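Student:
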Amino acid sequence: MSAAAGTPPEGGGDRPWQSYHTAYTNAKAGMEGVDKEKVQKVIYEMSKGSKYFENEQRKEAVTKQKIEHLRAQCAALTDNDISHFQKVAEKKMLELEASRDLSKIWLHTDMDAFYAAVETLENPSLKGKPLAVGSMSMIATASYEARKFGVRAAMPGFIGCKLCPGLVFVRPNFERYTHYSELTRKVFQRYDPNFIATSLDEAYLNITNVCIERGITGEEVATELRSAIYQETGLTCSAGVAPNRMIAKVCSDINKPNGQFILPNDREAVLTFVSTLPIRKIGGIGKVTEQMLRQVLGISTCQEMLQKAAFLCALFSEGSADFFLSVGLGLGGTETPEQRQRKSISCERTFAATNDSSLLFEKLDSLAENLTDDLQKEGLKGKTLTLKLKTADFEVRTRAVTTRNYINSKEDILVYATKLLKAEMPLSLRLMGLRMSQLHDEKDDPSTSTQKTLDIFFRSSNDQQDFFLHDESCFIPEQRSFGNHSNEAVISKPLGGTKLDDVSSSAKVAPAEKLNEPDNLISPKAVASSSKPDQQSWIDGYICSICGFELPPGFEEERLEHSDFHLAETLQQEEAVDGTRHISNERLADRERPCSTTPTPKKKLKSSKEGKHIPIDAFFTKCNKNL
DNA sequence: GCGGATCAC
DNA sequence: TATGGTGATCCGC
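Using our numbering, you'd call the opening residue of the first sequence number 14 and step up by one each time.
(1) Pick from Gly-147, Thr-76 and Lys-100: whose alpha carbon is nearest that of Gly-170?
(2) Give the DSSP bridge partners of Thr-404, in chain order.
(3) Report all residues from its chain with a CB closer than 6 angstroms to the CB of Leu-134; omit the five preceding and five following residues, and keep chain order.
(4) Tell me which same chain residues have a C-beta within less than 7 angstroms of the C-beta of Thr-363, skipping the five on either side of it?
(5) Give the DSSP-derived three-state secondary structure of Leu-528 in the structure shown.
(6) Would you call the region 340-348 and the region 404-418 touching, i.e. three or more CB-CB distances under 8 angstroms?
(7) Looking at the strands, I want to know which residues DSSP matches up with Leu-218.
(8) From the DSSP output, read off the bridge partner residues of Lys-79.
(9) How would you label Thr-211, buried or exposed, when you count the other beta carbons within 10 angstroms and need 16 or more for buried?
(10) Alpha carbon to alpha carbon, how far is Ala-42 from Leu-115? Give it in angstroms, no decimals.
(11) Measuring alpha carbon to alpha carbon, tell me which of Tyr-217, Thr-397, Val-52 and Ile-80 ends up nearest Val-309.
(12) Output the distance between the C-alpha atoms of Arg-355 and Thr-397, rounded to the nearest integer angstrom.
(13) Name the DSSP beta bridge partners of His-453, please?
(14) Grab the span of the alpha helix (DSSP H) containing Gln-244 for me, first residue to last.
(15) Beta carbon of Val-254, beta carbon of Leu-120: below 8 angstroms?
(16) Grab me the residues of Leu-176's own chain with a C-beta within less than 7 angstroms of its C-beta, minus the 5 sequence neighbours each way, in chain order.
(17) Classify Arg-184 as buried or exposed, calling it buried when 16 or more other Cβ atoms lie within 10 Å of its own Cβ.
(18) Got a sec, what are the start and stop residues for the beta strand (DSSP E) Ile-209 sits in?
(19) Which residues share a DSSP beta bridge with Arg-362?
(20) Using only alpha-carbon positions, find the residue among Ile-220, Met-59, Ile-426 and His-453 that is nearest to Ala-379.
(21) Can Ala-413 and Thr-404 be called in contact, C-beta distance under 8 angstroms?
(22) Residue range of the beta strand (DSSP E) that Tyr-190 falls in?
(23) Per DSSP, what are the beta-bridge partners of Leu-144 in this structure?
(24) Which residue marks the beginning of the beta strand (DSSP E) containing Ile-275, and which one marks its end?
(25) Between Pro-143 and Ala-166, is the Cβ-Cβ spacing less than 8 angstroms?
(26) Helix, strand or coil for Ser-379? Go by DSSP, reduced to three states.
(27) Using DSSP bridges, identify the partner residues of Cys-250.
(28) In whole angstroms, what is the alpha-carbon distance linking Glu-215 and Pro-270?
(29) Could you pull the DSSP bridge partners for Thr-154 from this structure?
(30) For Asp-641, count neighbouring Cβ atoms within 10 angstroms of its own Cβ and tell me buried if that reaches 16, exposed if not.
(31) Check whether the Cβ atoms of Asn-68 and Asp-406 sit closer than 8 angstroms, and answer yes or no.
(32) I need the boundaries of the beta strand (DSSP E) containing Ala-413, first residue and last residue.
(33) Below 8 angstroms on the Cβ atoms is my contact criterion, and I expect Ala-334 with Gln-99 to pass it. Report the Cβ-Cβ distance as a whole number of Å.
(34) Does the region 298-307 come into contact with the region 72-86, if we say contact requires no fewer than three beta-carbon pairs (one atom in each stretch) closer than 8 angstroms?
(35) Below 8 angstroms on the Cβ atoms is my contact criterion, and I expect Leu-393 with Asp-457 to pass it. Report the Cβ-Cβ distance as a whole number of Å.
(36) According to DSSP, is Pro-137 helix, strand or coil?
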């Protein structure tokens, strides 16, 4: 209730476009001579009134509230508090300073307008033209010619068009980018066999040894390396050299494109460099953090982090404060981190917003298929499945379940995903996504999935436009991991985790009351206590409430068999876990309808692929035929 | 463990 | 007409 409605604190009123800075807030290379006011105005005019715009406004309002809250916290600090946190901060800064390591030389390389440059290389007629790689909806990369007009990555194409009439569009072609990326990596390899690739077009190299062995400077290495890359790819890149990765990354941006910047391994040089450096340049400090630090504490340069150290310690978590102080000291990332293994795998798709449930289930089906393919390609299974939804008005929600056993088959995924989606309906969506986490390498597990065979029955040559699908041969996230933050101690809570029990069985309860109350997703007990445990619910009479599978009216027999399929699947899942199957056994006992999938001896069911799957395969063969 | 946010590319 | 996809992390429950 602080600000009067009529007079927004800054930018509102006369010049509404000034208050709308959605993304594009960090100055990018090649945008120096741009009339920012004009660009802002165009973006505002093109966005105004859209659902996207409205959502951005809501988000900005939330950020503003957060800022107000922090300000209040700040104002409530007593002199005592402040002197206490000053001591805390000074101790921390001494510790951090003691960890400073100036013995390493790091080089960061960044290809110049990579996708656009590759496209131009392959099609020289594009040379000199303002080019956008992407679509009318989204630009992945803009050429430097286009950047002069304010066009840039992450901007929707139609706004790019407005800013730059004559903007040429090219669809992304990731095979090409991967090819050229591999060429660059062959060069990196020669300078640091343990180089860290953070994306197709960026990498960190520890060139300490090269410098020592060859008796040359970091600058000479950078020059040579950039020249080699140009020789072998025909593409230019920029480089930064510094005593750590955090600073090296900033340096590679300074003389972009086709340039380099070297910061000597000298404490004073680092501190001077950082003293005027805007915090937004640091990786890990984005739009929101920048706003919070500026508007709450008046911090805009890295050095000011040190001046406000006590407040940083008072207002933020220890991890965040450590990070901020490291930034102020110009510290971060001198050791080569361990190769990390992937922690999640996901796919998501945007589509024309719809509230048609059968359409949504179709999308979900396709996502499940994609995810399964990716999981099986990598030989992975997972325990936590997360459904991501973006509503027609851009609100994002996620809903997750953790299963007792590792899964990766399409059918298993669909059972859980459908349940999660159902619990949110009805609603109108423009995006859905599925993510699997808590991963586990399938090779380690003797009970390998045998569900692959089912996929043939579902395979529907879907035409997807994977414009922004990244090649992921490499991933080394760098975010906020510059320091040697060994305080990674994950406190394992003494939590009696009430695991979500088998979703498919609770789905089964859903009685004829179609629009049932908030589904007892989390309550396995409801299953056991249900009086009609085996009733399958069919939405609108012919869509399976569990997986969205459709059966036209008149296919009662098939519906019964379909229900059997889900029951069998439930049993499989529970059997696979060995033990704690009492619920499903009860259900089985209740069942009177003949069901050929009688549980075989529990211990060996996992490995007995045949007996387990024949009935299911038969069912889908039949269904497929009928539809 | 979940959900919302933030961030990078 | 129209504002992406993948992966990670952190915080507050």
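From the three backbone atoms N, C-alpha and C, an ideal C-beta is built for every residue, glycine too. As the structure is a prediction and not an experimental result, all values here were calculated from the model.
Tutor: With the given structure in hand:
(1) Stepping through the first sequence from its first residue, residue 170 is reached at position 157. Looking at the Cα atoms, Gly-147 is the closest of the given residues.
(2) Within the first sequence, residue 404 is the residue found at index 391, counting from 1. According to DSSP, Thr-404 bridges with Leu-442.
(3) Here residue 134 corresponds to residue number 121 of the first sequence, with the count starting at 1. Excluding residues within five positions, the ones whose Cβ falls inside 6 angstroms are Gly-247.
(4) Walking along the first sequence from the start, residue 363 turns up at place 350. Same-chain partners within the cutoff: Arg-443 and Leu-444.
(5) Position 515 of the first sequence holds residue 528. Its pLDDT being 25, under 50, Leu-528 is placed unreliably by the model, and the measurement read from it follows with that caveat. Coil at Leu-528, not helix or strand.
(6) no
(7) In the first sequence, the residue the question calls residue 218 occupies position 205. Leu-218 is bridged to Leu-120.
(8) The count along the first sequence starts at 1 and reaches residue 79 at position 66. In DSSP, Lys-79 forms no bridge with anything.
(9) Your numbering for residue 211 matches position 198 in the first sequence. Classification of Thr-211: buried, given that the 10 Å Cβ count is 16 or more.
(10) Stepping through the first sequence from its first residue, residue 115 is reached at position 102. Stepping through the first sequence from its first residue, residue 42 is reached at position 29. In a straight line, the C-alpha of Leu-115 is about 28 angstroms away from that of Ala-42.
(11) Reading the first sequence from its first residue, position 296 is the one you call residue 309. Residue Ile-80 is the option with its Cα nearest to Val-309.
(12) As a first step, residue 355 is located in the first sequence; it is residue number 342 there, counting from the start. As a first step, residue 397 is located in the first sequence; it is residue number 384 there, counting from the start. Whole-angstrom Cα-Cα distance: 14 angstroms.
(13) The residue you call residue 453 lines up with position 440 of the first sequence. His-453 has Lys-394 as its beta-bridge partners, per DSSP.
(14) On the first sequence, residue 244 is found 231 positions in, with the first residue counted as 1. Unbroken alpha helix (DSSP H) run through Gln-244: 231-246.
(15) As a first step, residue 254 must be located in the first sequence, where it is residue number 241. As a first step, residue 120 must be located in the first sequence, where it is residue number 107. Against a cut-off of 8 angstroms, the Cβ pair of Leu-120 and Val-254 comes out as a contact.
(16) As a working note, residue 176 is residue 163 in the first sequence. Excluding sequence neighbours, Leu-176 sits near Val-52, Val-55, Phe-162, Gly-163 and Val-164.
(17) Residue numbering aside, residue 184 sits at position 171 when the first sequence is read from its first letter. When all chains shown are included, Arg-184 counts as exposed.
(18) For the purposes of this step, residue 209 is identified with residue 196 of the first sequence, where counting begins at 1. Where Ile-209 is concerned, the enclosing beta strand (DSSP E) stretches over 209-212.
(19) On the first sequence, residue 362 is found 349 positions in, with the first residue counted as 1. According to DSSP, Arg-362 bridges with Met-445.
(20) In the first sequence, residue 379 corresponds to position 366, counting from 1. According to the sequence shown, residue 379 is Ser rather than Ala. Selected option, being the one with the closest Cα: Ile-426.
(21) Start at 1 with the first residue of the first sequence, and residue 413 comes out as number 400. Start at 1 with the first residue of the first sequence, and residue 404 comes out as number 391. In this structure, Thr-404 does not lie closer than 8 angstroms to Ala-413 by Cβ.
(22) Position 177 of the first sequence, counting from 1, holds the residue named residue 190. Careful: Tyr-190 lies outside any beta strand (DSSP E), inside the alpha helix (DSSP H) at 187-204.
(23) The residue given as residue 144 occupies position 131 in the first sequence. According to DSSP, Leu-144 shares a beta bridge with Val-181.
(24) Position 262 of the first sequence holds residue 275. Note, Ile-275: beta strand (DSSP E), 273-275.
(25) Counted from its first residue, the first sequence places residue 143 at position 130. Counted from its first residue, the first sequence places residue 166 at position 153. No. Outside cutoff.
(26) The sequence position of residue 379 within the first sequence is 366, counting from 1. Helix, per DSSP.
(27) Taking the first residue of the first sequence as position 1, residue 250 is located at position 237. Looking at the DSSP assignment, Cys-250 forms a beta bridge with Met-124.
(28) Taking the first sequence and counting its residues from 1, one reaches residue 215 at position 202. Taking the first sequence and counting its residues from 1, one reaches residue 270 at position 257. Cα-Cα distance, rounded: 14 angstroms.
(29) Counting from one through the first sequence, the residue named residue 154 turns up at place 141. The partner list for Thr-154 (beta bridge, DSSP) reads Val-146.
(30) This structure cannot speak to residue 641, because the chain is shown only from 14 to 640.
(31) Within the first sequence, numbered from 1, the residue matching residue 68 stands at position 55. Within the first sequence, numbered from 1, the residue matching residue 406 stands at position 393. Yes, the pair counts as a contact, with Cβ atoms nearer than the cut-off.
(32) On the first sequence, position 400 is the one that residue 413 refers to. Element bounds for Ala-413: 409-420.
(33) Residue numbering aside, residue 334 sits at position 321 when the first sequence is read from its first letter. Residue numbering aside, residue 99 sits at position 86 when the first sequence is read from its first letter. That belief does not hold up - the Cβ atoms of Ala-334 and Gln-99 are roughly 13 angstroms apart, past 8 angstroms.
(34) yes
(35) Residue mapping note: residue 393 aligns to position 380 of the first sequence, counting from 1. Residue mapping note: residue 457 aligns to position 444 of the first sequence, counting from 1. With a Cβ gap of about 11 angstroms, Leu-393 and Asp-457 do not count as contacting.
(36) Counting from one through the first sequence, the residue named residue 137 turns up at place 124. The answer is helix: DSSP assigns Pro-137 an H, G or I state.
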